[in-house]
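Undergrad: My structure is below; once you've seen it, I'll send some questions.
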Ligand SMILES: *[C@@H]1O[C@H](CO)[C@@H](O)[C@H](O)[C@H]1NC(C)=O
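Numbering (our numbering), first residue to last: 12 to 445.
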């Protein structure tokens, strides 16, 4: 027993301890010498084939292409799901959407009402929460789409503020067809059935009143049927007129500030907000998640960028996103932060090729060589652009053909920020750079 405490033994023990600690401490402090700022940009429904740097020669995206030129372009970058809600849950948490329960068992796999009672569980660890733990100031500007309330309107239990974002300026929901008058409705497929119910109850009621003797119907049944028809018609009218007002809302932190929001200049306003956030935080590390509403339907673009290009308003919307990316990167340069800021750009899933509105308007978008698009389980649904740029650390113009995923972002960011990975999770995460 005494032999264990002799000086050589103790020395050996200390050495072993040092060796054990070495890899851990080097992994967590290697990047942490100077914490890099983080700017993550996610476009909605943008196809991998829509960008110049991925081979598109008819939409001009000079700012995004430049980002790829000075950084790394991922050619096999994958979303965890071909639909917004699950894909975004996975992106933020680094875990498959099924782990947080953010998947739909039925046909609808995303939230379609801001009043839905579900959302990203509060025990999930997002990269924003980890960033806060490292002293970062964090902001989500733009689309959230991961739930809002639990029990009551206004309890905001799923609000971005509860998932690590100090600032939220954006939409709790997604952009919808119903958000712009004249662009149809996401519920368009349901309306024919409602019309059948209205028509069927009306005509059977007439039949009951007119020809059927009392035992088979009579006025009571007729009246009942008329009431069912009237209720269905009322529901249709209420839904058709209120969906936009109730779901297309813009929030600043916990307050609704615009209802329904005006979309035309919304990307510009969000970009200004992003610029303002970066300016205010230029002296300390920040994480900005700029989550575009474009290029989801109903398609929109600011009037100053509208042109009669070959891809109509879709092309204009992509160019507006490109403008915003350029503005953000220019701001980083102006603030002298570019060298120490990771800039990342992706899309939440493939372009929505299969979507056609009830007026026959197609969504457009190109998923390159991949088959089909958003909300299908073909490759085109999950292939997304992935561009990373961090001048001091990442090589210029590197093209990476290894498969990478949205879910690699969280472990990559933790490495950059010097944050510990949430090791209590059941599925191990891995690094994307390193
Ligand atoms: C460029 O994008 C447009 C719009 O999505 C698409 O129609 C076109 O096919 C794309 N071009 C290429 C070469 O992928």
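Glycine included, each C-beta is placed from N, C-alpha and C at the ideal position.
Would the beta-carbon of residue 355 fall within 9 Å of that of residue 400?
TA: One-based indexing of the chain shown puts residue 355 at position 344. One-based indexing of the chain shown puts residue 400 at position 389. Against a cut-off of 9 Å, the Cβ pair of residue 400 and residue 355 comes out as a contact.
Undergrad: Start and end of the alpha helix (DSSP H) containing residue 269?
TA: Start at 1 with the first residue of the chain shown, and residue 269 comes out as number 258. From DSSP, residue 269 is part of no alpha helix (DSSP H) but of the beta strand (DSSP E) over 266 to 269.
Undergrad: Is the stretch 135 to 145 touching the stretch 290 to 298, taking contact as three or more C-beta pairs under 8 Å?
TA: Taking 8 Å as the limit for Cβ pairs, the verdict is that the stretch 290 to 298 does touch the stretch 135 to 145.
Undergrad: Should residue 360 be labelled buried (16 or more other beta-carbon atoms within 10 Å of its own) or exposed?
TA: What you label residue 360 is simply residue 349 of the chain shown in a count that begins at 1. Buried is the call here.
Undergrad: Could you check if residue 35 is buried or exposed, using at least 16 other CB atoms within 10 Å of its CB as the buried criterion?
TA: Counting from 1 along the chain shown, the entry for residue 35 is found at position 24. Residue placement at residue 35 is poorly supported in this model, since its pLDDT is 47, which falls under 50; the coordinates are not used for a value here.
Undergrad: At a threshold of 8 Å, does residue 375 count as lining ligand 1 (C-beta to nearest heavy atom)?
TA: In the chain shown, residue 375 corresponds to position 364, counting from 1. True, at least one ligand heavy atom lies under 8 Å from that Cβ.
Undergrad: Can you have a look at residue 446 and say buried or exposed, based on whether 16 or more other CB atoms are within 10 angstroms of its CB?
TA: Only positions 12 to 445 of the chain appear in this structure, which leaves residue 446 out of reach.
Undergrad: My output table needs one value for residue 191: the three-state DSSP class, helix, strand or coil.
TA: Reading the chain shown from its first residue, position 180 is the one you call residue 191. Coil at residue 191, not helix or strand.
Undergrad: What does a CB cutoff of less than 6 Å around residue 349 pick up in its chain, not counting 5 residues either side in sequence?
TA: Counting from one through the chain shown, the residue named residue 349 turns up at place 338. Excluding sequence neighbours, residue 349 sits near 343.
Undergrad: Taking buried to mean at least 16 other C-beta atoms within 10 Å of its own C-beta, is residue 41 buried or exposed?
TA: Position 30 of the chain shown, counted from the start, is the residue given in the question as residue 41. Annotation note: pLDDT 41 at residue 41 (below 50); position unreliable, no value reported.
Undergrad: Please tell me whether residue 349 has its Cβ less than 9 Å away from any Cβ of chain D.
TA: The question asks about chain D, but that chain is absent: this structure has only one protein chain.
Undergrad: Can residue 139 be considered in contact with ligand 1, in the sense that its beta carbon sits closer than 8 Å to one or more heavy atoms?
TA: If you number the chain shown from 1, residue 139 lands on position 128. No, since every heavy atom of ligand 1 falls outside the 8 Å radius drawn around the Cβ of residue 139.
Undergrad: DSSP state of residue 247, grouped into three classes?
TA: In the chain shown, the residue the question calls residue 247 occupies position 236. Helix.
Undergrad: Under three-state DSSP, which class holds residue 234?
TA: Within the chain shown, residue 234 is the residue found at index 223, counting from 1. Three-state result, residue 234: helix.
Undergrad: Entirely within the stretch 132 to 184 and at least 4 residues each: give me those alpha helix (DSSP H) ranges in chain order.
TA: Counting only runs of 4 or more, we get 138 to 144.
Undergrad: One question on the structure: do residue 237 and residue 213 come within less than 9 Å of each other, judged by their Cβ atoms?
TA: The count along the chain shown starts at 1 and reaches residue 237 at position 226. The count along the chain shown starts at 1 and reaches residue 213 at position 202. Contact: yes.
Undergrad: Between the alpha carbons of residue 169 and residue 155, how many angstroms are there, rounded?
TA: As a working mapping, residue 169 is identified with position 158 in the chain shown. As a working mapping, residue 155 is identified with position 144 in the chain shown. Each residue's Cα considered, the two are about 10 Å apart.
Undergrad: Please return the same chain residues whose Cβ sits closer than 6 Å to the Cβ of residue 267, not counting the five positions on each side in sequence.
TA: Start at 1 with the first residue of the chain shown, and residue 267 comes out as number 256. Contacts found: 260.
Undergrad: Rounded to a whole number of angstroms, what is the C-alpha to C-alpha distance between residue 81 and residue 357?
TA: Reading the chain shown from its first residue, position 70 is the one you call residue 81. Reading the chain shown from its first residue, position 346 is the one you call residue 357. Each residue's Cα considered, the two are about 16 Å apart.
Undergrad: If contacts are defined as beta-carbon pairs under 8 Å, then residue 69 and residue 103 qualify, I think. What distance do you get, rounded to the angstrom?
TA: Looking up residue 69 in the chain shown gives position 58. Looking up residue 103 in the chain shown gives position 92. In fact, because the Cβ distance is near 33 Å, the residues do not count as touching under 8 Å.
Undergrad: Quick check: is any heavy atom of ligand 1 less than 8 Å from the C-beta of residue 363?
TA: Taking the chain shown and counting its residues from 1, one reaches residue 363 at position 352. Answer for residue 363: no, Cβ out of range of ligand 1.
Undergrad: Which residues in the same chain as residue 207 place their Cβ atom closer than 6 Å to its Cβ, once the five residues preceding and following it in sequence are excluded?
TA: Along the chain shown, one-based indexing puts residue 207 at 196. Excluding residues within five positions, none has a Cβ falling inside 6 Å.
Undergrad: Keeping to the same chain, check which residues put their C-beta closer than 6 Å to that of residue 240; ignore five residues upstream and five downstream.
TA: Mapped onto the chain shown, residue 240 falls at position 229. Closer than 6 Å at Cβ, skipping near neighbours: 209, 212, 213.
Undergrad: To the nearest angstrom, how far is the alpha carbon of residue 43 from that of residue 351?
TA: The residue labelled residue 43 in the question sits at position 32 within the chain shown. The residue labelled residue 351 in the question sits at position 340 within the chain shown. Low confidence applies here, because residue 43 scores a pLDDT of 45, under 50, leaving its location unreliable; read the following figure in that light. Spanning the two alpha carbons is a distance of roughly 12 Å.
Undergrad: Extract the residue ranges of the beta strand (DSSP E) inside the stretch 245 to 323, only unbroken runs of 3 or more that lie entirely within it.
TA: The stretch 245 to 323 contains these whole beta strand (DSSP E) runs: 261 to 263, 266 to 269, 297 to 302.
Undergrad: Is residue 307 near ligand 1, in the sense that its beta carbon is under 8 Å from a heavy atom of that ligand?
TA: In the chain shown, counting from the first residue as 1, residue 307 sits at position 296. Result no, Cβ not under 8 Å from ligand 1.
Undergrad: Could you check where the alpha helix (DSSP H) with residue 428 kicks off and where it finishes?
TA: Locating residue 428 in the chain shown gives position 417, counting from the first residue. Looking at the DSSP string, the run of the alpha helix (DSSP H) that includes residue 428 is 420 to 428.
Undergrad: Is residue 70 close to ligand 1? I mean its beta-carbon at under 8 Å from any heavy atom of the ligand.
TA: The sequence position of residue 70 within the chain shown is 59, counting from 1. Checking every heavy atom of ligand 1 against the Cβ of residue 70, one is found closer than 8 Å.
Undergrad: Could you compute how far the alpha carbon of residue 340 sits from the alpha carbon of residue 304?
TA: For this step, residue 340 is matched to residue 329 along the chain shown. For this step, residue 304 is matched to residue 293 along the chain shown. Approximately 19 Å, taken between the alpha carbons.
Undergrad: Quick check on the burial criterion: 16 or more other C-beta atoms within 10 angstroms. Buried or exposed for residue 256?
TA: One-based indexing of the chain shown puts residue 256 at position 245. By the neighbour-count rule (16 or more Cβ atoms within 10 Å), residue 256 is not buried but exposed.
Undergrad: Return yes when at least one heavy atom of ligand 1 lies under 8 Å from the C-beta of residue 66, else no.
TA: Your numbering for residue 66 matches position 55 in the chain shown. Yes, since a heavy atom of ligand 1 falls inside the 8 Å radius drawn around the Cβ of residue 66.
Undergrad: Thinking just about the alpha-carbon of each residue, which of 205, 283, 151 is nearest to the one in residue 520?
TA: Because the chain here runs from 12 to 445, residue 520 falls outside it and cannot be looked at.
Undergrad: Evaluate residue 388 with the Cβ neighbour count: other Cβ atoms within 10 Å of its Cβ, from every protein chain shown; 16 or more gives buried, anything less gives exposed.
TA: Sequence index remark: in the chain shown, residue 388 carries index 377 (1-based). The residue in question, residue 388, is exposed, as its Cβ has fewer than 16 Cβ neighbours within 10 Å.
Undergrad: Residues in its own chain within less than 8 Å of residue 290 by CB, not counting five upstream and five downstream?
TA: Against the chain shown, residue 290 aligns to sequence position 279. Cβ neighbours of residue 290 beyond the five flanking positions: 342, 346.
Undergrad: Buried or exposed: where does residue 193 fall if 16 or more other Cβ atoms within 10 Å of its Cβ makes it buried?
TA: Against the chain shown, residue 193 aligns to sequence position 182. Exposed.
Undergrad: Check each candidate in 405, 316, 410, 362 and name the one with the smallest Cα separation from residue 71.
TA: As a working note, residue 71 is residue 60 in the chain shown. Out of 405, 316, 410, 362, 316 has the C-alpha closest to the C-alpha of residue 71.
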